[in-house]
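Residue numbers for the sequence shown, in UniProt numbering: 1 to 1064. Glycine included, C-beta positions come from ideal geometry on N, C-alpha and C. Just below is one structure, and these are the notes that go with it.
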Amino acid sequence: MLLLSDNSLHLQATNQRIHMKKSVLPFYRHFITALVFLFLFDLRNVNAFNLDAEFSTFVSSPLDYEAYFGYSVDYFAGSKQNWITIGAPKTSTGGEVYRCNYNPGSNTSLCKVVAIKKETTKTNVTPMMGMTVAVGRGRELLTCDPQYAHLTKTDTQDFYNLIGICYYLKDFTKSDPVYRYKPCVGSITARNDGDLHTYCQAGFSSAFTKGNKKVLLGAVGSYYNQGSLMLIEDLYDNMTTLPSHTGEFTPDVPPGWEDEAYYQISYDTNFMGYSVVTGVTISQLPLLVTSAPRRFGYDLLGSVIIYDERMEAPLANFTGEQTGEYFGQGLAVVDLNNDGLDDVIVGSPLYSDVDRKKPEIGRIYVFYQGTGAGSNNQDRHLEFSDPIIINGNISMARFGHTIANLGDVNLDSYPDMIVAAPYETNSTDESTDIRFGALYIFNGGPGGIQPYPSQVIHGADLEKAANFPQGQKIRGLGYSMKGGKDLDGNQYPDVVIGSYLSDKVVVMRARPVVKVIATVTITPNKVDLETLMCDLPGSTRSACFHINTCFSFTGEGLPGTVEISYSYDVDSTKGTDEKRSFLLDSTPRNLSLTASQEECVHETVYVKKDIRDKQGDIAVTVTYWLLETHQPVEPIIDELTGTTATTQAAIFQDCGADEICTPELTITGNLNPSVAYVGAYTEVILSVLVANKGENAYLTTLVIQYPDNSSFVGVQENANGLLRSCVDSPPILLCEMGNPMKRSTQSEINVKFGINDLVGDVSNLVFRYHANSTNIQNNTSNKLQSNLRIEVHADIQIFNSSVPSVTILSKPEESEKQAVNKTASKPVTHLYEITNEGPSAIESATISLLWPLKTPNGNFLLALKEVVVTGSVSCFLDNIINESLALAKDVMVPSDSLVVESNDGNINYYNCHTVSEYCFEMKCRVESMPAKSSVLIQLKGSLMMAPLLASSSDSYVTSSLKFQVNSYPYAIAPPSGTMYLSEVSLKATYSQTSEPTSVEWWIVAVSIAAGVIFLLLIILILWKCGFFKRKSMPVSQEDEQQQKRLVEPEDKDDMQKELEEHIK
1 MLLLSDNSLH
11 LQATNQRIHM
21 KKSVLPFYRH
31 FITALVFLFL
41 FDLRNVNAFN
51 LDAEFSTFVS
61 SPLDYEAYFG
71 YSVDYFAGSK
81 QNWITIGAPK
91 TSTGGEVYRC
101 NYNPGSNTSL
111 CKVVAIKKET
121 TKTNVTPMMG
131 MTVAVGRGRE
141 LLTCDPQYAH
151 LTKTDTQDFY
161 NLIGICYYLK
171 DFTKSDPVYR
181 YKPCVGSITA
191 RNDGDLHTYC
201 QAGFSSAFTK
211 GNKKVLLGAV
221 GSYYNQGSLM
231 LIEDLYDNMT
241 TLPSHTGEFT
251 PDVPPGWEDE
261 AYYQISYDTN
271 FMGYSVVTGV
281 TISQLPLLVT
291 SAPRRFGYDL
301 LGSVIIYDER
311 MEAPLANFTG
321 EQTGEYFGQG
331 LAVVDLNNDG
341 LDDVIVGSPL
351 YSDVDRKKPE
361 IGRIYVFYQG
371 TGAGSNNQDR
381 HLEFSDPIII
391 NGNISMARFG
401 HTIANLGDVN
411 LDSYPDMIVA
421 APYETNSTDE
431 STDIRFGALY
441 IFNGGPGGIQ
451 PYPSQVIHGA
461 DLEKAANFPQ
471 GQKIRGLGYS
481 MKGGKDLDGN
491 QYPDVVIGSY
501 LSDKVVVMRA
511 RPVVKVIATV
521 TITPNKVDLE
531 TLMCDLPGST
541 RSACFHINTC
551 FSFTGEGLPG
561 TVEISYSYDV
571 DSTKGTDEKR
581 SFLLDSTPRN
591 LSLTASQEEC
601 VHETVYVKKD
611 IRDKQGDIAV
621 TVTYWLLETH
631 QPVEPIIDEL
641 TGTTATTQAA
651 IFQDCGADEI
661 CTPELTITGN
671 LNPSVAYVGA
681 YTEVILSVLV
691 ANKGENAYLT
701 TLVIQYPDNS
711 SFVGVQENAN
721 GLLRSCVDSP
731 PILLCEMGNP
741 MKRSTQSEIN
751 VKFGINDLVG
761 DVSNLVFRYH
771 ANSTNIQNNT
781 SNKLQSNLRI
791 EVHADIQIFN
801 SSVPSVTILS
811 KPEESEKQAV
821 NKTASKPVTH
831 LYEITNEGPS
841 AIESATISLL
851 WPLKTPNGNF
861 LLALKEVVVT
871 GSVSCFLDNI
881 INESLALAKD
891 VMVPSDSLVV
901 ESNDGNINYY
911 NCHTVSEYCF
921 EMKCRVESMP
931 AKSSVLIQLK
941 GSLMMAPLLA
951 SSSDSYVTSS
961 LKFQVNSYPY
971 AIAPPSGTMY
981 LSEVSLKATY
991 SQTSEPTSVE
1001 WWIVAVSIAA
1011 GVIFLLLIIL
1021 ILWKCGFFKR
1031 KSMPVSQEDE
1041 QQQKRLVEPE
1051 DKDDMQKELE
1061 EHIK
């Protein structure tokens, strides 16, 4: 047998309209083979519900070779005996069907071959009976072999026609006659439409109609693999005539096409009849549902078609959404919302999530049947909803391969279903190829299917079960499934699952469901936080309330008593750190419940002091669960209806009869200081006063939205020494002002912010603030804003000095007056250091240097020889230096031309303020001056001595500097430029010296003698006081004896012995 991938499912050679001659065409059932199988459903909190996977019964193949035992399954639930029918199509005998008796609670099952005498043909095609198995209500058994080949002989050649054959038994538990049915052989014999059914493969799928009156067969090979649906009313007469069936699909042919050519590329190889199920319409008329997963006419999207028993035209048609998803591989009808109408569930196991690059994750579509027209109406159509889609999530797992009706597995009045992913690996490693398989149980409800499964059963977990056969394995779990019948008599339907890859069948029983009813009441119904009426350990009292919880249970098939555990979550809507109340003992409690009785328990809940939320109700939630003993089919709590009960305790608000507090909040505020400078870190204080003129304002909070370039620093104590707490979540600051803030009260807060990283792009920073509360009505105050003005400021400091600062003038002697060199000079340097102390930077500035070159009478005074600058400053020097040097000529003049004035006490001032026309002005430009940066200018010149010596008065020679800011590197407008002035002076003065005097010799001699006498007197006093007497160190008695022996030894031999002992 050849197993093809689903993308080439069935027979590739049959997609052409040719007469098959001696063709042996391998079969393919409705399973999908893959190289890698992996599945993981996208679930939330998947919990075990009521299929007892832990205590499953495992039925293993009696054969010692691979027989595909479990390829198809069904079962019969009788009042005295239960039977499981299992197809094994790959046995050496051409396929068999086994009937296994099932005893609830037993881990073993005795299996025997159902006695069916198979019809043989002289062909090379291997028969595979048991590919489909269907059991009726009265132990009827239908099994088919779609691989059955019929030999047709002619005069010239033989034909092998895979027509399929079905075997029918009225009671498979007895040796009843076997009815053989070959629906397509008659058409071949008649030769009237032989080409259309020579490869019909009848029995590729099969089902009994509702009521067990008719048999529905799928024949995927009819009409050149378009496929056909066949309905048989009576199988007892060995009929060999073609039954009622759907006809060949002949769509309208577009212009330019030949009919057969268009059929061949569009609708041939549809494989209609791949899966078949039956249901009912609103008029309780049978529904015949089949799939065509390879329908070319829909670009391989596949389709599901619904007929009535007349099969004249489809009543409804569903189409897949992705090319090649094999829409209709899995197929079931389940009345999920219990409205009396069977809904259609379609599986597409080859669906891939292209965006996430996850191939063949699989999906299911749920179509709800509406209450529109039925097939007995003239409209002849059914109404269905748009599909609800549930996707798988694991590559190659093929979720939706098999779908089965579970019946009402939890007895909540809504049927349920099970969906298989038979190739799931149950691992997060998508590269593994261990194909355990997995089952997903979806429950119905008033709104239809629940969006998430109530239970997930992994094949890997079944291998860990205590009663799993040692050394065996589970592979391909869920390839075949049947449910809806009760095997153990507990009123809950059970399920049989085939695992053909491991030649095994699993029987899972449903556990009885316990519906626990819990009611919680609270006294008093309002908690007064100021009334401390309950004692706590340690002689303290607390506000409190009492809870009363009553439990009871209902359900079918339950014992008289059940054991539950329960626990409380007080203030359950709050997180652990926010809870406002507590129990003294929060450990779980156990309770025994008796059927039809109510058991009540009582607890006290204590409320913490100084809680923040004094308005919201305190929710109390009780969670309960069954105490399980891990016994087979023991009851389980109904997780779908919930396992919790919740009630609320209100908090007394003290706001009048309506218990609705309406506050009236107002605020005032100011910002200090009101200005900050670009480049500087500034701390400002926002002072806000919040007042309440209305009723209690709960959890009153000051909300401050502070601007960029600012950060929260802290809160200062207010006038009452109270320090408020704040929560900073930039750019919002929340400060609690009172909880509650009662009527006619007010609260002040001083909040400190730091202003930094100002770049001069805005002229104002805005602080916006208001107060609010958690009250429902009127919970917000007026809204204010305070503006912080941003300015540019640069503090300029100029430091100056003259080197030297003073020069000494000497009056010339008469002999020196004969001639004086006019160019005699002394070097002098004036230094200016200009520092920008900030905080703002300067973009550009201008410096003016004023240098006195001449005296008022025109004599050259101060030659400027060199200007040295440091920093980002440039000066225009050349013309000034050249002119000043040109005046410094070495010229001798007669002495009578130099008149030395008498010292009349006046001072000569040479600067650029008094005689500006004798000064030179030099310009310098500063190109960028950041805060804390400096520029240094050194003016080096020569001071001409002749003009100074011409006067007997002291002189001051002064240079000047002007500093003017031109611009700042900021967008905001700077203040008007400020002029900074500085001067450096050199003082030229005549020295004031006095005649030296000598000291007499006798004064020196007397001084020396007095010193010697004083030293001798000190020595004498110290001697009299005993200062110079030497004292001995104290010696112990032992030391004295030792010294004595050293000085006067008594016996040398004794000394030698003592020395040796000491050495030892």
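Looking at the backbone, the Cα of PRO930 and that of ALA841 are separated by about 4 Å.
Rounded to whole angstroms, the gap between the alpha carbons of ALA794 and GLY679 is 9 Å. Counting along the chain, PRO673 sits inside no alpha helix (DSSP H), nor does DSSP assign it H or E at all. Membership of ASN225 in any beta strand (DSSP E) is not indicated; the residue belongs instead to the alpha helix (DSSP H) covering 222 to 225. According to the DSSP assignment, ALA316 belongs to the beta strand (DSSP E) that extends over 316 to 319. For VAL727, the uninterrupted beta strand (DSSP E) segment begins and ends at 726 to 729. Beta-bridge analysis with DSSP links TYR440 to VAL419 and VAL456. Annotation: the continuous alpha helix (DSSP H) that includes LYS1024 extends over 1001 to 1024. One Cα belongs to ILE685, the other to LEU671, and the distance between them is close to 6 Å. With a cutoff of 8 Å on beta-carbon distance, THR85 and PHE172 are scored as near each other. In this model, PRO512 and ASP613 are separated by some 44 Å (Cα to Cα). TYR681 has no beta-bridge partner at all, per DSSP. Where GLN648 is concerned, the enclosing beta strand (DSSP E) starts and stops at 644 to 651. Scanning its chain for C-beta atoms nearer than 6 Å, with the 5 sequence neighbours on each side dropped, one finds around GLY738 the residues THR700 and SER747, in chain order. In this model, PRO663 and SER581 are separated by some 27 Å (Cα to Cα). Assigned with DSSP and collapsed to three states, HIS150 falls in strand. With a threshold of 16 other beta carbon atoms within 10 Å, PHE436 meets it and is buried. DSSP, read as helix, strand or coil, puts LEU948 in helix. DSSP places SER395 in no alpha helix (DSSP H); its state is neither H nor E.
The alpha-carbon separation between SER499 and GLU578 amounts to approximately 52 Å. Counting other Cβ atoms within 10 Å of its Cβ, ILE1003 stays below 16 and is therefore classed as exposed. According to the DSSP assignment, ALA518 belongs to the beta strand (DSSP E) that extends over 513 to 523.
If you look at ALA261, you'll find it in the alpha helix (DSSP H) that goes 259 to 266.
Close CB contacts of GLY448 within its chain, under the 8 Å cut and outside five residues either way in sequence, are with LEU336, ASN337, ASP343, VAL366, TYR368 and ILE388 (chain order). According to DSSP, residue pairing for CYS661 in a beta bridge does not occur.
Excluding five sequence positions before and after VAL114, the CB atoms of its chain that fall closer than 6 Å to its own CB belong to VAL97, ARG99 and PHE172, given in chain order. Residue nearest to LYS357 within the set SER395, VAL333 and ASP339 is SER395 (criterion: CA-CA distance).
Assigned with DSSP and collapsed to three states, VAL185 falls in helix.
As a beta-bridge residue in DSSP terms, LYS112 pairs with ARG99. Distance from VAL334 to GLY444 at the Cβ level is roughly 7 Å; contact confirmed, criterion being Cβ atoms closer than 8 Å. As far as DSSP is concerned, MET737 takes part in no beta bridge.
Burial check for CYS919: the Cβ neighbour count within 10 Å reaches 16 or more, so the residue is buried. The Cβ atoms of GLY754 and VAL792 lie no closer than 8 Å to each other. By the neighbour-count definition (other C-beta atoms within 10 Å, threshold 16), VAL419 is a buried residue.
Shortest Cα-Cα distance from ILE636 to any of VAL496, THR666, ALA1005 and TYR492 involves TYR492. The shortest C-alpha to C-alpha distance from ASN692 to any of TYR179, ALA650, THR780 and SER710 is the one to THR780.
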